[in-house]
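Sequential numbering of the sequence shown, starting at 33, is according to the working numbering.
Every residue gets a Cβ at the ideal spot worked out from N, C-alpha and C, and that includes glycine.
So the structure is just underneath, and the comments pick up after that.
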Amino acid sequence: MHDEFGPGVDALSFEPLTPTSYLERAACAHGDRVAVVDGPRRWTYAELHERCLRLAGALAPLASGRPVAVLAPNTHVLLEAHFGVPWAGVPLVAVNTRLSAREVAHILRHSGAAVAIVDPSLADLLAKALAQLDQELVVVEAGDDYEGLLSRAEPRAVKPLDERSLLSINYTSGTTGNAKGVMYHHRGAYLQALAMVGHTGLSPSSVHLWTLPMFHCNGWCFPWAVTAAAATHVCLPKVDPGEVWRLIREEGVTHLNGAPTVLSMLAYAPDAGPVEGRVRVATGGAPPSPAILRRMEGLGFDVTHLYGLTETFGPAMICDWRPEWDALPRVEQARLKARQGVGNMISCRARVVAADGRDVPPDGTAVGEIVLRGNNVMLGYFEDEEETRRAVTEDGWFRTGDLGVLHADGYVELRDRSKDVIISGGENIASVEVEQALAESPAVLDAAVVAMPDERWGEVPIAYVTLHDGAVATEAELIEFVRERLARFKAPKRVYFGPLPKTSTGKVRKYLLRNEARVRHQGK
């Protein structure tokens, strides 16, 4: 065949997109540079490449085509699994380390995992989970067992024939109480990683600190993104504010990710202080309050708000900063930064639609559901066709269940989860709006607002609040604080103090607070 592109174009071979190819490139172009820092241990990209190839060679006969589960904190083992498991030709199941044994058992059973790699610190949890299963799994413990397996294995790498084949199964964080298995494909992870490189400015000189759990949405695809940039991974098994500040200073950290609660921990830690240079931070999971954004800015952190879900490989929208906003007052900058941002990233489009499926007007007032479509939307829920169908509109858009408004500049702002909207006396109250008002109080570290049943109004907002260490505030003071900033009917009718129940990724388990609110109401 001859055409304008020259002879033989029909015979050209196009390889399927896969995120594991980023490690091949990094090993080739940056093989002698440090890839991983995990405590006192360091590996170059050439060494990481070899270890992942050997992991694949070891796992392939053990897995026999079934998924490999990994129960480990942010260590080199979980990082290596993001390359070694797909190269073994099987899906990766990165398990939330904060789940109960019953929940871990459900994931192992539901995914059909054949192999479980476990960190020694979580061996007892895995043992309790395995005791609840009928199926047998091959267990590999990190340490001598794991290293011995790698040393005996022959390197190998299976590449997908179809770039939309199954790469991993990621279980939802359970803020609604029901975890579902979200299926990721190679193409989506490849493009999402590429989007994260571009949007967060990763380069070979970057040092990425793992404050976001790698098991959460495969760490927003950053195991592959950091590798694509040939940057340095700094592993951190547990988010300890003092240790984070030490690593920022001693390792020259330039990038980190985390939920707003992680930012609060860092911003108000005893070791907090202005950093040399700037640290780029991506935050998501909940809208960050303008108060915490102002605090982080003062410490030298450039915070970018991302919005997404497990079903979208992590971030699907970004609050892209515009240079003309630099001249605005700090308070206005923080307000703009707290928005969810724009879709049309490298691999995803976003809309805000009314109940009839039409786009809401871009007036910053009309509320609709955020729907998404693109290359980084899941294949579906594993072994659950009914839930998969329920999650998609008739014209093929993924329904997030989140409510938002569209501003004239094209930026989306989250109003609430559909289930978290409080309808009091016929008026809609966005719990996010009340939470952000509470967060403006100097005494408040964290706040969550939910509905409590009410005989007169149907339901009313109540607040659960965690105060800063040493801070003092009464219920009456905080209620009045909100009334000074919002319509009186939006102010919480009651305030309860104490720590908030959260998922491992920092999301508040509001369903537990709603249950508690119902119990409190019944106990009147």
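| Asked | Found |
| --- | --- |
| Cβ contact (3+ pairs, closer than 8 Å) linking the stretch 69–81 and the stretch 252–269 | yes |
| Cα-Cα separation, Gly-230 to Ala-314 | 13 Å |
| Inter-stretch contact (C-beta, 8 Å, three-pair minimum) for the stretch 470–484 and the stretch 492–505 | yes |
| Rounded C-alpha distance that separates Arg-367 from Glu-356 | 15 Å |
| Close Cβ partners of Ala-348 (< 6 Å) along its chain, the five nearest in sequence each way excluded | Gly-340, Cys-380 and Leu-404 |
| Met-349: first and last residue of the uninterrupted beta strand (DSSP E) it sits in | 346–350 |
| Cut-off 7 Å between Cβ atoms - residues of its own chain near Ala-475, not counting five sequence neighbours on either side | Leu-499, His-500, Ala-503, Val-504 and Ala-505 |
| Beta-carbon proximity check, Gly-26 vs Ile-461, cutoff 8 Å | Since the first and last residues shown for the chain are 33 and 556, residue 26 lies out of range. |
| Inside the stretch 355–383 only - beta strand (DSSP E) runs reaching at least 3 residues | none |
| CA-to-CA distance, Tyr-216 to Thr-342, given in whole angstroms | 9 Å |
| Exposure label - Val-335; buried when at least 16 CB within 10 Å | buried |
| Glu-343 - DSSP class collapsed to helix/strand/coil | helix |
| First through last residue of the alpha helix (DSSP H) which encompasses Tyr-77 | 77–95 |
| Coil, strand or helix - Glu-235 by DSSP | A small correction: the amino acid at residue 235 is Ser; Glu does not occupy that position in the sequence shown. Coil. |
| Assigned exposure category for Thr-207 - 16 Cβ within 10 Å defines buried | In this prediction, Thr-207 has a pLDDT of 43, which is less than 50 and means its spatial position is unreliable; what the coordinates show is noted afterwards. The residue in question, Thr-207, is buried, as its Cβ has 16 or more Cβ neighbours within 10 Å. |
| Beta-carbon gap between Leu-557 and Ile-324 smaller than 8 Å | Lying outside 33 to 556, the shown extent of the chain, residue 557 is not represented and no answer is given. |
| Residue environment, Glu-467, which counts as buried when at least 16 other CB atoms sit within 10 Å | buried |
| C-beta atoms of Val-171 and Leu-158 nearer than 8 Å | yes |
| Inter-residue CB distance, Leu-85 and Pro-187 (contact presumed, cutoff 8 Å) | 3 Å |
| C-beta contact flag for Leu-111 and Met-246 at 8 Å | yes |
| Cβ-Cβ distance between Ala-299 and Pro-51 below 8 Å | no |
| Residue closest to Leu-131, alpha-carbon to alpha-carbon, out of Val-109, Pro-118, Ala-104 and Val-117 | Ala-104 |
| Reduced DSSP category for Asp-427 - H, G, I as helix; E, B as strand; rest coil | coil |
| Sequence ranges, beta strand (DSSP E) only - wholly within the stretch 156–196, length at least 3 | 170–173 |
| Secondary structure, beta strand (DSSP E): runs of 3+ residues fully inside the stretch 474–503 | 476–486 and 490–499 |
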